[in-house]
Amino acid sequence: QVTLRESGPALVKPTQTLTLTCTFSGFSLTSAGMCVTWIRQPPGKALEWLGYIDWDDAKHYTPSLKTRLSISKGSSENQVVLTMTNMDHVDTATYYCARFDYSDYVIDQWGQGTLVTVSS
Amino acid sequence: QSALTQPPSASGSPGQSVTISCTGTSSDVGQYNFVSWYQQHPGKAPKLIISEVNKRPSGVPDRFSGSKSGNTASLTVSGLQAEDEAEYFCVSSTGSNRRPFVFGSGTNVTVL
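So the protein lines, in turn, are chains A and B.
The working numbering numbers the first residue of the first sequence as 5 and each following residue consecutively.
The working numbering numbers the first residue of the second sequence as 494 and each following residue consecutively.
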């Protein structure tokens, strides 16, 4: 059974750095084609793709956030970490991690999401 | 970042059918058969119910079906049941690593 779960702070201050961890089970990120992606949804708005890391440790980011965003493998082989610098009120959103296979671009499993509020 | 357009709400009585549209462009929905649909209950993780336009993952009831015509994909829920009341959203691949996925705006389905 494949599961993913996001963890991290619920509240961050403007200009601070956000660090979220995606802990997953039921698959290996080193398997060919496997990717973990981050997606967010501001309150009342549509989902937005942020970036992904693939089985070969390549990273891809949405151009608008490329200078602030970093996705990496965590200290455990079943973790992926998202880091976003210089947080602003507009970054308030529910952040999801999810899995997809590069061969079919089907996001087949999502985490439950974690709400991050940016406020002083 | 533009999203795929979905109606904000849809409804039907138990046993009826409801169809939700997902309109994109010739660069996403119209170009690729990588359209997926997800069901999300409040506070829960989204669940994949349709992939590649019309494929149902194992365990998804055949009451859920998908189709596509041009730049518009559709999800039909037949024989509505109370547990089908949820948010539904579509996702399309774009074939680009710069933005591999574009998302629908979501449709809240109410079972009357």
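We put the CB at the ideal spot given by N, CA and C, even for glycine.
Figure out for me which residue from B:P554, B:V595, B:R549 and B:N564 has the closest Cα to the Cα of A50 (chain A). B:V595
When you check each C-beta in the stretch 496-521 of chain B against every C-beta of chain A, which residues fall closer than 7 Å? A496
Pull up the distance between the alpha-carbon of V16 (chain A) and that of T66 (chain A), whole angstroms please. 22 Å
S68 (chain A) - DSSP class collapsed to helix/strand/coil: helix
In whole angstroms, what is the alpha-carbon distance linking S589 (chain B) and I43 (chain A)? 16 Å
Quick one: does G115 (chain A) have its CB under 9 Å from some CB of chain B? yes
May I have the straight-line CA-CA distance separating G559 (chain B) from T27 (chain A), to the nearest angstrom? 31 Å
Could you tell me which residues DSSP puts in a beta bridge with A50 (chain A)? According to DSSP, which records beta bridges pairwise, A50 (chain A) is partnered with nothing at all.
At the 9 Å Cβ level, is K110 (chain A) part of the contact set with chain B, yes or no? The identity of residue 110 (chain A) in the sequence shown is Val, whereas the question assumes Lys. True, the Cβ-Cβ gap to chain B drops below 9 Å.
Within 9 Å of any Cβ in chain A, is that where the Cβ of S567 (chain B) sits? no
Nearest residue (CA-CA) to D521 (chain B), options B:V546, B:P550 and B:G552: B:V546
In DSSP terms, what I543 (chain B) is bridged to: B:W530
Quick one, which residues of the stretch 37-71 of chain A are near chain B if we go by CB-CB under 8 Å, in chain order? T41, I43, A50, L51, E52, W53, Y56, H64, T66, P67 and S68
Give a yes or no on whether the minimum CB-CB distance between R591 (chain B) and chain A is below 9 Å. yes
Do P18 (chain A) and A97 (chain A) have their beta-carbon atoms positioned less than 9 Å apart in this structure? no
Figure out for me which residue from B:R591, B:R592, B:H534 and B:D577 has the closest Cα to the Cα of Q509 (chain B). B:D577
For Q494 (chain B), three-class secondary structure by DSSP: For Q494 (chain B), the pLDDT reaches just 47, beneath the cut-off of 50, and the residue's location in the model is therefore unreliable, although a value from the coordinates is still provided. In the structure shown, Q494 (chain B) sits in coil (DSSP, three-state: anything other than H, G, I, E or B).
9 Å Cβ cut-off: residues of chain A touching V604 (chain B): Going along chain A, no residue has its Cβ under 9 Å from V604 (chain B), so there is no contact; the nearest lies around 23 Å.
Does Q494 (chain B) come within less than 9 Å of chain A when only Cβ atoms are used? In this predicted model, Q494 (chain B) has a pLDDT of only 47, less than 50, meaning its place in the structure is not dependable enough to derive any value.
Since T23 (chain A) sits in a beta bridge, which residues does DSSP pair it with? A:T87
In whole angstroms, what is the alpha-carbon distance linking L605 (chain B) and C101 (chain A)? 33 Å
Please list, in chain order, the chain A residues whose beta carbon lies closer than 7 Å to that of V584 (chain B). I111
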